[in-house]
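Structure first, commentary second.
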Amino acid sequence: MSAETSPLFPDLESPILITGPCSVESEEQIHRAAKEISEGQKIHALRGGIWKPRTRPNGFEGIGEQGLLWLKEAAESIGTVPITEVANAQHVEAALKLDYKHLWIGARTSANPFSVQEIADALKGSGITVLVKNPVNPDVKLWIGALERIQGAGIEKLGAVHRGFSVYRDSVYRNLPMWEIPISLMSEWPGLPIICDPSHIAGNREMLAFVSQKAYDLNMSGLMIESHPDPDAALSDPQQQLKPSKLTEMLVSLSIRKAHSDDFEFDNKLEELRNIIDDIDGEIIRKFAHRMSVIEKIGEYKKENDVTILQLDRWKEILKSRSKLGNDLLLDEQFVHQFLELLHQFSIQKQTEIMNEKKAQKKS
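As structure tokens, this is what we get:
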């Protein structure tokens, strides 16, 4: 990742750093947070939640509109700009009234096209910077749709925030990163700045550095990360916030790598290795095609003998034997398991198509 100016914050070099507490809790708290952050970092924007949509009621749901002025004054006191989340037209109007130039749309809101359109309509003519977090569910088209709605309101300074996805699965993450989805967004929208939110992906302090480094290694544009002067006393998401001094320590530990190299020898070696990968990928795809042709024969044979598609004992045996082989070859266990499940899913799908052909033939 090279040091160059960001289209979202043209006065400062990338990578982008947006930090501050999860929530603005009081005037004193946000000023203290800003002061302590500024002692260790030059930041692009001071973040703070004003309205906090919580999963369940009766929790802290934000200080409300009065916090907008506190956040703005705290940001200005350290020579930066404020940024906060908006979830409806009233939030946008309140922020614009105080001359906010940077806003973000949260994951719950970006999942709802009606809400995004309401915000887009309220933003028309503002010319501000807007960041759109990924929807809570892993759907890149829904994410792109939210970005397009905001772009359609005339917003040119537009960015995305990757904060992970909610899925019903045990995980070490609060929200699964599913890195393939922001990578897909990069492919479909070249040049769009994508910032990573390690706080919401990790959900705990211990994994923040790991997630942040992964984001840098994938050439994301920067980080939006939560920092609170007294995290354990925070009124929302205390476990995922860092003290400003700890944030500085973590950022210093990260490696910011270049997107490209000017070394001719490096480029030649990289091209050589990529050619090897191309050959391997071609062979893998040919093997997949061969495997699917055998699956079709199995489906036909089951159809002729009125045998069910799912053979649970066989599936268990495949999982066990292939997982052992993967383990022997030092492959990641989760990768092997997900790979096998994907193969099995398409095998079931292909055999189902063959079975349905039989039913269609009978009806005709």
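Here the sequence shown is numbered in our numbering, starting from 88 and rising by one per residue.
Even glycine gets a Cβ: it sits at the ideal position worked out from N, Cα and C.
- Exposed or buried, A346, counting other C-beta atoms within 10 Å across all chains shown (16 or more means buried)? exposed
- Item | Length-filtered (4 minimum) alpha helix (DSSP H) runs lying within the region 301-338 | none
- Task: Determine the contact status of K220 and S197, defining contact as a CB-CB distance below 7 angstroms.
- Result: yes
- Message: Can you tell me whether K403 is buried or exposed? The criterion is at least 16 other CB atoms within 10 Å of its CB, across all chains shown.
- Response: exposed
- Would L218 pass as a contact of V248 if the rule is Cβ separation under 7 angstroms? yes
- Cut-off 6 angstroms between Cβ atoms - residues of its own chain near I84, not counting five sequence neighbours on either side: Since the displayed the chain opens at 88 and closes at 451, residue 84 lies outside it and no answer follows.
- Task: Mind checking which residues open and close the alpha helix (DSSP H) that includes H377?
- Result: F351 to E391
- Query: Going along the chain, which residues of its own chain have a beta-carbon closer than 8 angstroms to the beta-carbon of Q204, five neighbours each way excluded?
  - Reply: R236
- Task: Along the beta strand (DSSP E) that carries R134, what are the first and last residues, could you check?
- Result: A132 to R134
- A240, DSSP secondary structure in three states: coil
- Item | Ordered list of alpha helix (DSSP H) runs contained in the region 172-233, each at least 4 residues | 176-184, 194-197 and 200-210
- Item | CA nearest to the CA of L334, picked from D319, S348 and E313 | E313
- Message: For a test of your reading of the model: does the CB of I192 fall under 6 angstroms from any non-hydrogen atom of the ligand ZN? Yes or no.
- Response: Of ligands this structure carries none, so the ligand ZN is not represented either.
- Query: Hey, how far is the Cα of I165 from the Cα of K129?
  - Reply: 9 angstroms
- Message: Let me check one thing: in DSSP terms, what residues is G149 bridge-paired to?
- Response: Paired residues: none, contrary to the question.
- Message: Rounded to the nearest angstrom, what separates S451 and Y255 at their Cα positions?
- Response: Here S451 scores only 48 on pLDDT, less than 50, and its place in the model should not be relied on; the value that follows carries that caveat. Distance between the alpha carbons of S451 and Y255 is about 42 angstroms.
- Message: What residue range does the beta strand (DSSP E) around I165 cover?
- Response: From DSSP, I165 is part of no beta strand (DSSP E); its letter is neither H nor E.
- Message: Using a Cβ-Cβ cutoff of less than 7 angstroms, which residues in the same chain neighbour A182 once the five nearest sequence positions on both sides are dropped?
- Response: L155, T171, V173 and L190
- Rounded C-alpha distance that separates E336 from A121: 17 angstroms
- E428: which of I405, L99 and D419 sits nearest, CA to CA? I405
- Query: How would you label G136, buried or exposed, when you count the other beta carbons within 10 angstroms and need 16 or more for buried?
  - Reply: buried
- For G107, which beta-bridge partners are listed by DSSP? E313
- Item | Residue nearest to N224 in terms of C-alpha spacing, selected from N262, Y187, G246 and A320 | N262
- Query: Between the region 358-377 and the region 385-405, do at least 3 Cβ pairs fall closer than 8 angstroms?
  - Reply: no
- Query: Closest to E387 by CA distance: which of K411, L341 and N443 is it?
  - Reply: N443
- Item | Assumed close pair A233, D208 - CB separation to whole angstroms, cut-off 8 angstroms | Not confirmed; about 14 angstroms, so no contact.
- Which residue or residues does DSSP assign as beta-bridge partners of E100? T92
- What residue ranges within the region 263-302 form continuous beta strand (DSSP E) runs of no fewer than 3 residues, ordered along the chain? 281-283
- Query: Does the beta-carbon of K384 have 16 or more other beta-carbons within 10 angstroms, so that it is buried, or is it exposed?
  - Reply: exposed
- Message: Considering only their Cβ atoms, is the gap separating P280 from S308 smaller than 7 angstroms?
- Response: yes
- Item | Helix, strand or coil at V259 according to DSSP, with G and I counted as helix | coil
- Can you give the Cα-Cα distance for S202 and R401, rounded to whole angstroms? 47 angstroms
- Could you tell me which of M265, E243 and P316 sits nearest to S253, measuring between CA atoms? M265
- Identity of the residue in T167, I206 and I150 nearest N175 by Cα: I206
- Can you tell me where the alpha helix (DSSP H) with H118 in it begins and where it stops? E114 to S125
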